[in-house]
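Protein sequence lines, in the order shown, are assigned to chains A and B.
Per my numbering, the first sequence starts with residue 13, numbered consecutively.
Per my numbering, the second sequence starts with residue 13, numbered consecutively.
Working notes for the structure below.
Protein chains: 2
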Amino acid sequence: MATHKVTFLPAEISTDVPTGSLVTEAVKTAGLEISQPCGGQGRCGRCAVMIESGKVRRRSTIRLNSDDLKAGFALACQALIEGDAVISIPDQERIERRLVTEHTARAIELPYAYSPDKLQVIQTFQLTLQPPSLDDSQDDLSRLSDALREFGYDPVDVHLSILQRFGSILRDSDWKPHILLETSRPGAGRARLIAIDSAPFQPFGVALDIGTTTVTAYLVDLMSGKVKASAAEYNGQIARGEDVISRIIYAGKGDGLNELGLLVRETIQDLLEKLQRRSGVSPEEIYKVTVAGNTTMIHLFLRLPPETIRLTPYIPALNQPPCFLARDLDLPIHPLASVDCLPGVASYVGADISAGVLASGLAESDSLTLFIDVGTNGEIVLGTREWMLTCACSAGPAFEGAGVVDGMRATNGAIEEVWVHSETYEPTYRVIGGGKPHGICGSGLISLLSELFVTGVIDRSGSVKLDLDTPRVREGEHGPEYVVAWPNETDTGQDIVLTKVDINNLMRAKAAIYAGYSVLATSVGVDLADVQQVLVGGAFGKYINVENAIKIGLLPDLPWDSFHFLGNTSALGAYMGLLSSESREQIQEIAARMTYMELSADNTFFDAFTAALFLPHTDISRFPSVAEIWEQDGGHSDENK
Amino acid sequence: MATHKVTFLPAEISTDVPTGSLVTEAVKTAGLEISQPCGGQGRCGRCAVMIESGKVRRRSTIRLNSDDLKAGFALACQALIEGDAVISIPDQERIERRLVTEHTARAIELPYAYSPDKLQVIQTFQLTLQPPSLDDSQDDLSRLSDALREFGYDPVDVHLSILQRFGSILRDSDWKPHILLETSRPGAGRARLIAIDSAPFQPFGVALDIGTTTVTAYLVDLMSGKVKASAAEYNGQIARGEDVISRIIYAGKGDGLNELGLLVRETIQDLLEKLQRRSGVSPEEIYKVTVAGNTTMIHLFLRLPPETIRLTPYIPALNQPPCFLARDLDLPIHPLASVDCLPGVASYVGADISAGVLASGLAESDSLTLFIDVGTNGEIVLGTREWMLTCACSAGPAFEGAGVVDGMRATNGAIEEVWVHSETYEPTYRVIGGGKPHGICGSGLISLLSELFVTGVIDRSGSVKLDLDTPRVREGEHGPEYVVAWPNETDTGQDIVLTKVDINNLMRAKAAIYAGYSVLATSVGVDLADVQQVLVGGAFGKYINVENAIKIGLLPDLPWDSFHFLGNTSALGAYMGLLSSESREQIQEIAARMTYMELSADNTFFDAFTAALFLPHTDISRFPSVAEIWEQDGGHSDENK
């Protein structure tokens, strides 16, 4: 058998290996190391190397996109040496960054295609007024109004609390006051004076996404559009019920509505304190808030009784709230800040989706697009710029790390990706922030479920195979479980496990989402295979892995290029609406244009849900790429049952 | 000498008297009595009798208007028997009522030319909505808004507190809710939902006049326009200063502004409690308030710092306040009631005058009209429907019964008219409510000052003649004084007196008002004699006597027919603006049309004021009718000095 000389960079160490050797074997021969968390199964993408020159054949290109291939990347565990070659081993960090970048290209941390322009909702500028005299004894307010009229703002609403002190500001500023104006508000055809001062303003705003499980806040410089800080926390209402239905029931009892209103305010207060610590910006400098969230969350935030949302025919008090003042909503920011709750579509397709659809670009797309918001109450939109159909499926909070024993949000200490060795069943994981793990976030759960399924630790129904020869599977306190980390490896000193109950919750969540989009597609006679792009939003982690999500049947089996992970589209839409009146109007239009389909009135949904309670689905032919792996592996999971 | 038979009705007693006898002599001869408080000087009008038939010559027709003359009235003390006659002696009550009616023809107790029509600002009606269904899952607010749109109201503002409970009202009312709507608001081009209920509304409103000295409130049935109750109280701020200037100074010290704001609220609260006691209407049923008052009072009510009103160039924070909600102003009525502070003209011509001019009819008049509002801060308007010139003169509160030892408001127990016998100097008086007197109100003070002047108790400079042979004049605790009532005649057991200090205050008040309108007339080249009508507004009592007011130089010396006493025109204007959007707009137009003249920037005012500090004036030729009496009496006052 011929041998070939392989040189590895940057170490410049060479070795000879026989034709057909895997690159991973050559690495080992050369005395080097490369990370293979999945056990060399071509699943994790962490052994990606760069073929600088020479003949190397890729046996599989899983995890590599067309840009990666063009750049010369290959998976070391799936690439065969067929001639002399020079191969670079990137350091681990570089690979991780590549994977991260791939999935967060449109993440919100960077301002979203925003440039300050005349469409800015909040404007600040300096006025120059003629001082009064005995010959010109116009009152202060008329004098101010006349000056604003010259800028095209007429009439301008001025709050009593400003009227009670603007006179001295006019005089202190030598009749050259700086003003802060809200140029337009939904439902009010006039500008509003938010503040007036003798010093210039540097106004900030907050884009708030009130999720059933997670509340996210972005602190935005309203002049530059820059995000100064962001923060997320579990919604304090969780202790009163994990999903919207249980919250609605809680709200209906005694002082429940008020209590839930207070709890979410406490969460927002915590977020504001975090934002202040991270940015140095005081809450008093926050002059505008946009709020996205599902219809129930908006009701609870505004303390509107949500009862009718839950009862047929599922009617919300309102889908398009008017603007309120922060003081009227007890928000501890500037009391005259405007609080703009974005418009929703129906009881179960709320402002989070109107905002998310704007952020996703679906409403401007010519391609048949599936938009999935993976939150506690998974919402789905199917359509193009011409039409949009939407529905909601109660997914539960599992993908947000709630309702899972060791689940957590995607913050420092969360396991966000897991690889399970196919022979030893030993896990490797990546922890956000790099320290010891504290729990597992949504993307980590998807990854873990997929790995357990592919390596045969669980079967297609999600049952843990306790007879495997590994201490990682065991009968735990809550039934069968898989141990992801031992006590000495975690920052709590406790095991991190995934229990059978957790797996069932994850299965139900993914089945609900699958059932949702498949029923939607069927209802308009569209084949899921015809979908040209899938836009995925959700607060469940930015590092979600398409392959894993397909393997467990959460996402439809389409080419990987079709998927775009957009992060928290709801918060992104709120951010866009915060800055631009044009975006704000678009959200309104989107809410008005979407056609809502009530799944609870449709028996096919329950059938589709039940059929999807398998990995990836009862009918595996719906997931050809998974079926292929399955056949390669000889369907071992089921055989080992 | 011929004698004639005179028969008196209703007693049917006859007597024979010589030709040329006075009717009063014939009454005496017949053994009857008739009241002659002024001592038979033809000043009081209380001896009016009806000449049923026969020949009786009227020597003077003072106090009788043309209607009275046509009806056959004559003053018994001024009528000469020149043939047989039949004469009715009306009972005292009837004469009093006649005098009252004469002076209150346009008083506010009766709705002012008001009929409910489509211009009503507050509307209430019942809606019929289609109940929602799975096929019609429109949200509650859109459903309500669509129904209101059919009535022409779009958009309609709905307050958060209504949004928080209207859903259950819609359902409780079987989708047939009653709504209460404010159809228009100054400064807001849209309707507003004030309330919604399953039962019909019977909405009330309050017209409020916040005077420097007196606060007046009318409780109005907003559907019928009927005044259900009225109440007035001294402004609780009086203890912090009697005129606007001292209030402004007080407001500028420490927490003064807030304190004054609280004091007037306490007064309003007292008034609301009185209105409730008198009508049974709860404050929660009050859905709208219009507020008239001078500019400083409006500033203090809204807690706007008034300092710049006092300092040159005398600039108010605003002349046209927007509408506020009762909850934002801490008014204890329906929290979503609209509080509409009417528009003013300038720092010293406020909403009380805009409203008063509307109520007076000046703005619609072709005649050259002088409008005088006799309040603490006397305001004057001169003009026609074509033009209006206005100014303010600081009169002080004397005519409102404040700043006078035994002064009081025109309520029960107030002496409202006084007659002094020309020989005995004994007073006769009429007390509001008919009981023992408690003090003297504004009209009583005018009447008393005039009587003391005409009978020579005081001289033209207002000095009390202590050498008169009567115990009524004496050196009192506060200097020379005239005793109106002895302790045993009063309800307090104390003397009621008029002191030299009181007289000086009254003199200054009347001089300021005279100076105001004379300077105004001079500035536009108008002779006061050309004024065709004088409209007098003011809270100083409804029974003011023109003759007396002219005698002391408060009113210009014009034919009595020229004068119309309108009562509290400010409150009347507030009442009109409360009910009709057309009236409300007219007030706005009036405020915009009036040209303000700043007297403090005009030296001629001070000269005119000084010249008017005599009775009736330094230049008595300006008051020819007074000069005539003076000459008849031989100018005894001055001679006796």
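Yeah, the Cβ is synthetic: ideal placement off N, Cα and C, and Gly gets one too.
All of these numbers come straight from a predicted model, not from anything done at the bench.
Helix or strand or just coil, what does DSSP make of residue i?
i, result
"D282(B)", "helix"
"G368(A)", "helix"
"L566(B)", "coil"
"W431(B)", "strand"
"I345(A)", "coil"
"F213(A)", "coil"
"I9(B)", "Only positions 13 to 653 of chain B appear in this structure, which leaves residue 9(B) out of reach."
"A304(A)", "strand"
"I470(B)", "strand"
"P30(A)", "strand"
"D169(A)", "strand"
"F411(A)", "helix"
"A186(B)", "Per the sequence shown, the amino acid found at residue 186(B) is Asp instead of Ala. In the structure shown, D186(B) sits in coil (DSSP, three-state: anything other than H, G, I, E or B)."
"I181(A)", "helix"
So the beta strand (DSSP E) residue i belongs to, where does it begin and stop?
i, result
"T511(B)", "I508 to T511"
"L11(B)", "Nothing can be reported for residue 11(B), as the shown portion of chain B is limited to 13 through 653."
"S100(A)", "A91 to S100"
"V351(B)", "S350 to C353"
"F617(B)", "Unbroken run through F617(B) is the alpha helix (DSSP H), N615 to A623; no beta strand (DSSP E)."
"R339(A)", "Per DSSP, R339(A) belongs to no beta strand (DSSP E) and is neither H nor E."
Which residues share a DSSP beta bridge with residue i?
i, result
"K240(A)", "K240(A) is not bridged to any residue."
"S592(B)", "Q132(B)"
"V485(A)", "Y494(A)"
"E245(A)", "V227(A)"
"P439(B)", "V432(B)"
"Y608(A)", "T402(A)"
Go ahead and label residue i buried or exposed: buried means 16 or more other beta carbons lie within 10 angstroms of its beta carbon, across all protein chains shown.
i, result
"L122(B)", "Note that L122(B) scores 38 on pLDDT, short of 50, meaning its location in the model is unreliable and no value can be drawn from it."
"G451(A)", "buried"
"E194(B)", "buried"
"R161(A)", "exposed"
"Q249(A)", "buried"
"G445(B)", "exposed"
"T320(A)", "buried"
"M609(A)", "buried"
"H490(B)", "exposed"
"N270(B)", "exposed"
"R109(B)", "Low confidence applies to R109(B): its pLDDT is 45, below 50, so where it sits in the model is not reliable, and the reading given next is rough at best. Its Cβ having fewer than 16 others within 10 Å, R109(B) is exposed."
From residue i to residue j, what does the alpha carbon distance come to, in whole angstroms?
i, j, result
"V543(A)", "L464(A)", "29 Å"
"S462(A)", "G408(A)", "19 Å"
"D28(B)", "L44(B)", "14 Å"
"I181(B)", "S149(B)", "18 Å"
"T350(B)", "D267(A)", "In the sequence under discussion, the amino acid at residue 350(B) is Ser, which differs from the Thr named in the question. Taking the straight line from one Cα to the other gives about 30 Å."
"T226(A)", "V256(A)", "13 Å"
"L532(A)", "T396(A)", "14 Å"
"T228(A)", "Q281(A)", "12 Å"
"P328(A)", "F178(B)", "12 Å"
"R252(A)", "L312(A)", "12 Å"
"K448(B)", "A426(B)", "9 Å"
In the DSSP assignment, the alpha helix (DSSP H) including residue i goes from what residue to what residue?
i, result
"G456(B)", "G454 to V466"
"M309(B)", "T307 to L314"
"A23(A)", "That residue, A23(A), is in no alpha helix (DSSP H); it is neither H nor E in DSSP."
"R259(B)", "V256 to A263"
Note down, in chain order, every chain C residue with its Cβ under 9 Å from the Cβ of residue i.
i, result
"Q176(A)", "The structure shown contains no chain C; the protein chains it does contain are A and B."
Hey, would you say the C-beta of residue i is under 6 Å away from at least one heavy atom of the ligand MN?
i, result
"R177(B)", "As for the ligand MN, it is missing from this structure, which has no ligand bound."
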